[in-house]
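**Q**
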Amino acid sequence: MGRRTGTTAPTLRQLELLLALTSSDGIAGAGAKLGMSPSATSHALRALETALGTELVDRNASGIALTYTGEHVLPHVRDVFASLQLVQATALAGAELKTGLLRLGSFGASATIRVLPPLIERFKARYPGVDVVVTEKPDEQTSRDLIERRLELAAVTLPKSDFDSQTLAVDELVAVLPSGHALAKLETVPLSEMTADPFILTRAGSQALVTKLFSRNGLRPRVTYELLQLMSILELVAGGKGVSILAKLALPDRYSGTVFRPLSPGTSRRIGLVCLNENRLSPVARAFWQETRRYQASLKAAPRR
Numbered sequence: 045m046g047r048r049t050g051t052t053a054p055t056l057r058q059l060e061l062l063l064a065l066t067s068s069d070g071i072a073g074a075g076a077k078l079g080m081s082p083s084a085t086s087h088a089l090r091a092l093e094t095a096l097g098t099e100l101v102d103r104n105a106s107g108i109a110l111t112y113t114g115e116h117v118l119p120h121v122r123d124v125f126a127s128l129q130l131v132q133a134t135a136l137a138g139a140e141l142k143t144g145l146l147r148l149g150s151f152g153a154s155a156t157i158r159v160l161p162p163l164i165e166r167f168k169a170r171y172p173g174v175d176v177v178v179t180e181k182p183d184e185q186t187s188r189d190l191i192e193r194r195l196e197l198a199a200v201t202l203p204k205s206d207f208d209s210q211t212l213a214v215d216e217l218v219a220v221l222p223s224g225h226a227l228a229k230l231e232t233v234p235l236s237e238m239t240a241d242p243f244i245l246t247r248a249g250s251q252a253l254v255t256k257l258f259s260r261n262g263l264r265p266r267v268t269y270e271l272l273q274l275m276s277i278l279e280l281v282a283g284g285k286g287v288s289i290l291a292k293l294a295l296p297d298r299y300s301g302t303v304f305r306p307l308s309p310g311t312s313r314r315i316g317l318v319c320l321n322e323n324r325l326s327p328v329a330r331a332f333w334q335e336t337r338r339y340q341a342s343l344k345a346a347p348r349r
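Residue 99 in my numbering is what sits at position 55 of the sequence shown, and the numbering runs on without skipping anything.
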């Protein structure tokens, strides 16, 4: 049933709720992401539908389902937030980027600890008045934040067909062993040997890569822990509670009681800086994108040791 268009324009909060609905399992869950109570969420959604004069959500469907109109309104709502971000960034940027704010997304420790810091340091040297804030979330959530225009730039795993990208680094998986372990004497550890001991599986950014590596080779580790925190995994390995496989770039150079060894067969992943459209970036984000290009070019031009 159609509705009569209201006299009040939709608010940004109401439009943000519509965006949240696309990545939630229910109306209440979408509101919770925005700090709204179930009753406030329901009221805001109905107010939005009244303002637009049509239903946006199919309440008879199981889970969340947008109506035909809702699906067609959604891209324009995303454009609203993209434009708002441009307005805010441009206003903050000032003349010659003397001031500003850049929010960067990161999928995990490899990017946060190793890949982004030299880029941020170089960028800050050129634009000292611009503040840089890094937000770390799992790869899928970081990509969702980009699509929903909550972020303009992020470091994620590649490939990502929906984004423009620049490759920043190639990361490989390595065996993480107690220093007194028999496998620690080897230069390269056969993957099949990693199934003999209790296995500590990471739940961070490289979990899918580790799982696929075993599956691809017809192997199944004896998982005894599934942990999110890197330091927890390293402490358990150092204490002889098991072995693990982690991304090399996420690891410190050394950790007492542990050794890191290449795997055979091994696997790697590309880490890249991505955006929805490099031609529609705010001035601050564009400056970081271009600085990244210059940095990558300087690395390629530098003589190899």
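For every residue, glycine included, the Cβ atom is placed at its ideal position computed from N, Cα and C. Please read these numbers as outputs of a predicted model, since none were measured by experiment.
Which of the three DSSP states is assigned to residue 171 in this structure?
**A** Residue 171 falls in the coil class under three-state DSSP.
**Q** How about the segment 177-197 and the segment 316-326: do they share at least three Cβ pairs that are nearer than 8 angstroms?
**A** Contact holds: three or more Cβ-Cβ distances are below 8 angstroms.
**Q** Would you kindly work out how many angstroms separate the C-alpha atoms of residue 42 and residue 212, rounded to a whole number?
**A** Limits of the chain in this structure are 45 at one end and 349 at the other, which puts residue 42 out of reach.
**Q** Could you give the DSSP three-state label for residue 79: helix, strand or coil?
**A** The answer is coil: DSSP assigns residue 79 none of H, G, I, E or B.
**Q** Could you tell me which of 151, 221, 94 sits nearest to residue 235, measuring between CA atoms?
**A** Of the listed residues, the one whose Cα sits closest to residue 235 is 221.
**Q** Once the 5 residues before and after residue 308 are set aside, which same chain residues still bring their CB inside 6 angstroms of it?
**A** So the qualifying residues of the chain are 232, 234.
**Q** Rounded to the nearest angstrom, what separates residue 337 and residue 247 at their Cα positions?
**A** C-alpha separation (whole angstroms): 31 angstroms.
**Q** My output table needs one value for residue 342: the three-state DSSP class, helix, strand or coil.
**A** Correct three-state label for residue 342: helix.
**Q** Just how far apart, CA to CA, sit residue 179 and residue 59?
**A** About 23 angstroms.
**Q** Got a sec? Which residues, its chain only, sit under 8 angstroms from residue 84 by beta carbon, not counting five neighbours each side?
**A** Correct list, in chain order: 75.
**Q** Tell me the DSSP secondary structure of residue 269 in three-state form.
**A** Three-state DSSP puts residue 269 in a strand.
**Q** Can you give the beta carbon distance from residue 237 to residue 227, rounded, assuming they're within the 8 angstroms contact cut?
**A** Right, their Cβ atoms sit about 6 angstroms apart.
**Q** Looking only at C-alpha atoms, which of 272, 288, 278 sits nearest to residue 242?
**A** If we check each option's Cα against that of residue 242, 288 comes out closest.
**Q** For residue 213, report the span of its beta strand (DSSP E) as first-last.
**A** Counting along the chain, the beta strand (DSSP E) containing residue 213 begins and ends at 208-222.
**Q** Helix, strand or coil, according to DSSP, for residue 100 in the structure here?
**A** Three-state result, residue 100: coil.
**Q** Taking DSSP as the reference, what is the three-state secondary structure of residue 125?
**A** Three-state DSSP puts residue 125 in a helix.
**Q** Under DSSP, the beta strand (DSSP E) around residue 230 begins and ends at which residues?
**A** Element bounds for residue 230: n/a, residue is neither H nor E.
**Q** Compute the Euclidean distance between the alpha carbons of residue 45 and residue 100, then round it to the nearest angstrom.
**A** Low confidence applies here, because residue 45 scores a pLDDT of 45, under 50, leaving its location unreliable and the question unanswered by this model.
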